[in-house]
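Quick note: the sequence shown, position 1, residue 1 per full-length UniProt numbering, numbers continuous.
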Amino acid sequence: MWQPLRSLVGQISRSYGLKLSLVTLSWVPVVMTFNDDICYIARVDGSSMRPTLNPNENVSSTDWVLLWKFHSKKAQCLNRDDIVLFKSPLDPSRTYCKRIKAVQYDSVLTRHPYPREVVQIPRNHIWVEGDNVFHSVDSNNFGPISNGLVIGKAITVIWPPSRWGADLKLATGRYDILVAKSD
Numbered sequence: 001m002w003q004p005l006r007s008l009v010g011q012i013s014r015s016y017g018l019k020l021s022l023v024t025l026s027w028v029p030v031v032m033t034f035n036d037d038i039c040y041i042a043r044v045d046g047s048s049m050r051p052t053l054n055p056n057e058n059v060s061s062t063d064w065v066l067l068w069k070f071h072s073k074k075a076q077c078l079n080r081d082d083i084v085l086f087k088s089p090l091d092p093s094r095t096y097c098k099r100i101k102a103v104q105y106d107s108v109l110t111r112h113p114y115p116r117e118v119v120q121i122p123r124n125h126i127w128v129e130g131d132n133v134f135h136s137v138d139s140n141n142f143g144p145i146s147n148g149l150v151i152g153k154a155i156t157v158i159w160p161p162s163r164w165g166a167d168l169k170l171a172t173g174r175y176d177i178l179v180a181k182s183d
């Protein structure tokens with residue numbers, strides 16, 4: 001008497017498991033495309049963006065940010081005071097997080113160790129600096145960077161919860177570095 005019922009339950013559970021697996025697998029390309037091209041959660045280590053990111057002196061303090069990647073390499077989408085993650089122009093295996101201080105055609109007052117006092121930012125390039133000026137490897141070390149090296153713009157802090165709503169537009173670091181603005 002119970003055998004037909006067990007057989008029916010077995011068929012239903014196998015059928016449900018197969019459908020669930022197919023639906024789950026069909027979403028894998030969507031999620032991968034979303035992470036590659038639209039949005040991503042990125043870990044930001046180090047003290048170069050302190051106090052905006054990783055404000056605690058604690059070594060284990062790490063902020064996680066929501067990174068907007070869609071059209072983030074286009075010149076018209078990159079603005080002064082945006083925080084961006086980008087591939088190092090000197091070592092592509094390294095990723096840096098810095099604030100955009102100047103965009104294409106701006107002229108910037110540099111600081112040591114940059115070899116010139118003033119530099120004009122070329123087309124499709126940006127000038128980036130860390131908010132913690134004296135603890136930052138940035139454009140003063142390697143010059144303007146190509147927009148093509150930009151991975152994405154930091155939109156908001158998502159971890160730790162105590163940092164939710166942190167104002168990423170609140171720029172610190174060097175002020176008055178622009179000699180001439182492009183707009």
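Note that beta-carbon positions come from the ideal geometry of N, C-alpha and C, so glycine has one too.
Name the DSSP beta bridge partners of Ser107, please? DSSP lists Gln120, Ala180 as the beta-bridge partner residues of Ser107.
When the Cα atoms are used, what is the spatial distance from Phe142 to Val103? Roughly 16 Å between the two C-alpha positions.
Can you tell me whether Leu22 is helix, strand or coil according to DSSP? In the three-state reduction of the DSSP assignment, Leu22 falls in the helix class.
Pop quiz: Trp127 and Pro115 are said to be a contact at Cβ under 8 Å. What is the actual Cβ separation, rounded to whole angstroms? Wrong, their Cβ atoms sit about 15 Å apart, outside the cutoff.
Taking Phe86 as part of the beta strand (DSSP E), name the residues at either end of that continuous run. First-last of the beta strand (DSSP E) with Phe86: 83-87.
Exposure label - Arg123; buried when at least 16 CB within 10 Å: Around the beta carbon of Arg123, fewer than 16 other beta carbons sit within 10 angstroms, so the residue counts as exposed.
Three-state class that DSSP yields for Asp131 in the structure shown: Asp131 falls in the coil class under three-state DSSP.
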